[in-house]
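The next block holds one structure in the form of structure tokens; read it before the comments.
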Ligand SMILES: NC(=O)c1ccc[n+]([C@@H]2O[C@H](COP(=O)([O-])OP(=O)(O)OC[C@H]3O[C@@H](n4cnc5c(N)ncnc54)[C@H](O)[C@@H]3O)[C@@H](O)[C@H]2O)c1
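In UniProt numbering, the protein residues as written are 1 to 308.
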């Protein structure tokens, strides 16, 4: 199978590309950040370049597309909403249009747990509709638009896609703005670890190896036209995460601070997210718990330092 990974030079995309490669498939990366030194062949092209996308799809003829290109950092999205619409919404429309035109059999789309903020209930499964009043953040709006575009392309062009809505991800290669990365780097520098707000918001951190496996399994026939919620195996508060990381480094100090760029973010405190469907359909369940994930991340950081 030929698998095109958009955003394949990014944090999650690299792991997804590797998983398809390990599965014996041919991988091509499309990412504005791609360079010839990257682990997989690719091209430095924007997903908004519709003409180039159509040429590339017509020439290389991917069977499957894993679509992860886009602006992932909610604070960057808050600062640059127009660029975010371009990368996340226009880019998704262009990928889906090129995929439909070239006979791609499946597009697996990076969605986000942030869309739950556009739902009126605290217990969410994949059938819960979005509120017409929206979710109060540009990032969420782009993620809802991606899902709606996938449905339109399915209905109008018969293009099969699968949306994975996942919780915050961590693991090797994560970008500095992600809280696990920020805490580990702060702790390695002797602290303090800065928790924004009261630290009571809860998250089910998902290890990137588990997520890459979900992208791989999402090409199964049963996943056509489906949306899946994905979460890490346990829910912890940001404050608890800070203390776990602090302890790994012998008890570095933890501080709390208000941060204005965090407004409108996912409120997760009382939410229960059902992951029954992905377990049932794809036999997927997260395998890496937060303690193991943090330990392996710390070991990797130490190896990196030792290697200079
Ligand atoms: N990291 C998380 O915790 C998380 C959680 C839920 C959803 N997501 C979603 O997963 C996807 C991947 O996130 P990530 O954390 O790997 O982010 P990332 O920033 O590491 O990777 C995104 C990649 O997309 C590329 N890109 C951006 N705009 C592009 C464009 N116009 N054309 C081509 N390439 C472009 C970037 O160069 C980058 O390599 C995103 O869609 C993000 O919204 C991430």
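By construction, the Cβ of each residue, glycine as well, lies at the ideal position given by its N, Cα and C atoms. The structure displayed is predicted, hence computed values, not measured ones.
- Item | DSSP three-state assignment for residue 147, whether helix, strand or coil | helix
- Using DSSP with H/G/I as helix, E/B as strand and the rest coil, what is residue 161? strand
- For residue 75, count neighbouring Cβ atoms within 10 angstroms of its own Cβ and tell me buried if that reaches 16, exposed if not. exposed
- Item | Any non-hydrogen atom of ligand 1 closer than 8 angstroms to residue 32 Cβ | yes
- Three-way DSSP call (helix, strand, coil) for residue 126 in this model: coil
- Query: At what residue ranges does the stretch 45-86 contain a whole run of the alpha helix (DSSP H), taking only runs of 4 or more?
  - Reply: 50-60, 74-79, 81-84
- Task: Please look up how many angstroms separate the CB atoms of residue 65 and residue 16, rounded, as I've assumed it's under 8 angstroms.
- Result: The pair is not a contact, with the Cβ atoms about 11 angstroms apart (cut-off 8 angstroms).
- Task: Could you please give me the residues that DSSP links to residue 6 through a beta bridge?
- Result: 30, 67
- So does residue 175 have its beta carbon nearer than 8 angstroms to some heavy atom of ligand 1? yes
- Is the beta carbon of residue 29 less than 9 angstroms from the beta carbon of residue 46? no
- Message: Is it buried or exposed, residue 168, if we count other Cβ atoms within 10 angstroms and call 16 or more buried?
- Response: buried
- Using the rule of at least 16 other Cβ atoms within 10 Å of the residue's Cβ for burial, across every protein chain shown, is residue 127 buried or exposed? exposed
- Straight-line CA distance for residue 253 to residue 289? 24 angstroms
- Item | Contact under 9 angstroms by Cβ, residue 57 with residue 89 | no
- Message: Quick check for students: name the residue ranges of the beta strand (DSSP E) that lie wholly in the stretch 181-206, counting only runs of 3 or more.
- Response: 193-196
- Nearest residue (CA-CA) to residue 62, options 101, 226, 83: 101
- Item | Those residues which DSSP pairs with residue 259 across a bridge | According to DSSP, which records beta bridges pairwise, residue 259 is partnered with nothing at all.
- Give a yes or no on whether the C-beta atoms belonging to residue 40 and residue 216 are separated by under 9 angstroms. no
- With burial defined as no fewer than 16 other Cβ atoms inside 10 Å of the residue's Cβ, what is the status of residue 257: buried or exposed? exposed
- Expressed to the nearest angstrom, what Euclidean distance is found between the alpha-carbon atoms of residue 277 and residue 162? 13 angstroms
- Query: For the candidate residues 282, 143, 306, 207, whose alpha-carbon lies nearest to that of residue 231?
  - Reply: 207
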